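Residue numbers (the working numbering): 2 to 443.
The beta carbon of each residue, even a glycine, is placed where N, CA and C say it ideally should be.
Being a predicted model, the structure only gives us computed values, none of them experimental.
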């Protein structure tokens with residue numbers, strides 16, 4: 002029997018099929034390898050001052066899992082572009098861009114593939130800064146006068162620039178005032194602890210915090226001895242659009258004609274006194290007397306017994322306009338009655354009720370472990386309130402800013418290495434717990 006001949010066509014077809022199969026396998030192997038190594042996160046940094054790509058800026062990628070862990074570092078290219086490879090573990094990341102000594106942040110949730118970040122040139126002094134509101138809230142507890150003061154600063158520089166110097170925003174505190182807590186918040190950001198620095202002039206302090214384009218808010222809570230009456234002078238260093246004093250209606254206010262009373266139908270147990278267009282160094286001394294506390298947000302104080310406000314779940318309600326005139330403080334309602342909003346309103350009441358308030362020193366260190374835990378609990382409680390942001394978002398923003406400030410203080414030599422390691426471990430632990438809780442909810 003003769004052997005069977007193999008057709009050349011069959012041989013060629015088999016070889017082609019084998020080659021195709023090998024190609025498919027190679028492609029699948031490459032795809033699997035790419036998936037295993039993570040996805041690419043592409044980014045672009047734009048200089049909002051020059052409207053050109055920001056070239057040569059440092060870009061740092063932080064992994065937010067068991068704390069704030071650096072996962073990568075690079076620089077932007079000539080076109081302002083950068084890229085990172087993210088591990089496929091589904092963890093959120095934070096991108097930090099350092100431009101002329103000022104940091105700018107962008108969150109990158111899981112599955113994010115591209116981001117765009119705006120930065121601005123920095124200057125020690127910029128034109129176009131305005132203090133739109135200086136709000137003081139007064140309460141009495143025992144022999145202490147509790148004060149929560151909020152500044153709203155608008156940076157309308159043109160072209161937009163970030164102001165940054167060693168005494169970026171200055172203010173005076175009353176004689177004998179002891180600082181309990183101080184915070185700052187950028188536009189659309191979350192509150193972050195920041196320490197005011199004493200200046201050579203007595204009772205004068207400064208926030209060393211960047212004034213980026215847009216609005217920056219500062220809030221400081223302090224207390225001072227009180228024997229039933231006190232005379233206070235705001236001593237503003239800047240021109241202020243609206244200077245506001247708010248106190249319980251059970252107390253009395255006496256001040257110069259510059260102050261005008263405003264009614265608040267949603268918070269009838271509160272006195273609101275407003276001085277508009279306050280000039281630098283203008284004497285706006287006023288006297289307060291009596292005692293009382295301001296209602297907790299959400300309470301309707303239309304009587305002695307209080308009660309729940311109807312149809313208004315905002316922090317502290319809102320200022321109502323007089324029936325025959327528009328409300329001149331429409332833009333500042335939240336500052337006057339809500340402070341920083343839910344997060345800092347709760348924080349302010351926590352400060353007011355602390356059994357012991359530490360005296361403020363020239364160089365107060367970062368948060369202690371127990372303070373970090375209390376900050377975490379306060380933020381979580383405020384995030385659970387109606388119309389508040391998700392707890393995970395609040396904590397991530399606040400904690401990453403705390404960690405960044407800690408890094409800055411270490412680099413500036415303000416804390417020792419053992420102190421740095423201790424505080425960082427506490428913040429890392431708090432962040433890990435927050436992420437774990439957020440994972441359980443999702």
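- With respect to residue 49, residue 124 sits apart: the two C-beta atoms are not nearer than 7 Å.
- Comparing alpha-carbon positions, the option among 274, 102, 40 and 203 lying closest to residue 110 turns out to be 40.
- Contact holds between the stretch 215-223 and the stretch 184-192, because three or more Cβ pairs, one in each stretch, are under 8 Å apart.
- Boundaries of the beta strand (DSSP E) harbouring residue 249: 241-249, taken from the DSSP string.
- The residues 204, 206 and 223, in chain order, have a CB closer than 7 Å to that of residue 174 in the same chain once the five nearest residues on each side in sequence are set aside.
- Cβ contact annotation for residue 241 (same chain, cutoff 7 Å, sequence separation greater than five): 132, 135 and 279, in chain order.
- Beta-bridge pairing by DSSP links residue 150 to 137 and 221.
- Between residue 253 and residue 290 a beta carbon distance of about 5 Å is seen, short of the 8 Å cut, so the two are scored as contacting.
- In this structure, the CA atom of residue 128 is about 14 Å from the CA atom of residue 211.
- DSSP places residue 418 within a helical segment (H, G or I) once states are collapsed to three.
- Here residue 75 really is in contact with residue 60; their C-beta atoms are around 5 Å apart, less than 8 Å.
- Our two residues, residue 283 and residue 95, have alpha carbons roughly 44 Å apart in a direct line.
- In this structure, the CA atom of residue 113 is about 9 Å from the CA atom of residue 93.
- DSSP places residue 264 in the coil class of the three-state scheme, outside both helix and strand.
- Residue burial is scored here from C-beta neighbours: residue 237 has at least 16 other C-beta atoms within 10 angstroms and is therefore classed as buried.
- For the pair residue 295 and residue 142, the CB atoms are not nearer than the 7 Å cut-off.
- Here the alpha carbons of residue 287 and residue 226 stand approximately 17 Å from one another.
- Taking C-alpha positions only, residue 247 is separated from residue 274 by approximately 6 Å.
- A straight-line Cα-Cα distance of about 19 Å links residue 83 and residue 70.
- In this structure residue 276 touches residue 259 by the C-beta definition: roughly 4 Å separates them, less than 8 Å.
- Per DSSP, residue 295 lies in no beta strand (DSSP E) segment and is marked neither H nor E.
- The C-alpha of residue 233 is placed about 14 Å away from the C-alpha of residue 145.
- Distance from the CA of residue 72 to the CA of residue 91, rounded to the nearest whole angstrom, comes to 14 Å.
- When secondary structure is reduced to three states using DSSP, residue 426 falls in the helix class.
- DSSP, read as helix, strand or coil, puts residue 100 in strand.
- In this chain, the beta strand (DSSP E) harbouring residue 73 covers 68-76.
- For residue 255, the uninterrupted beta strand (DSSP E) segment begins and ends at 252-255.
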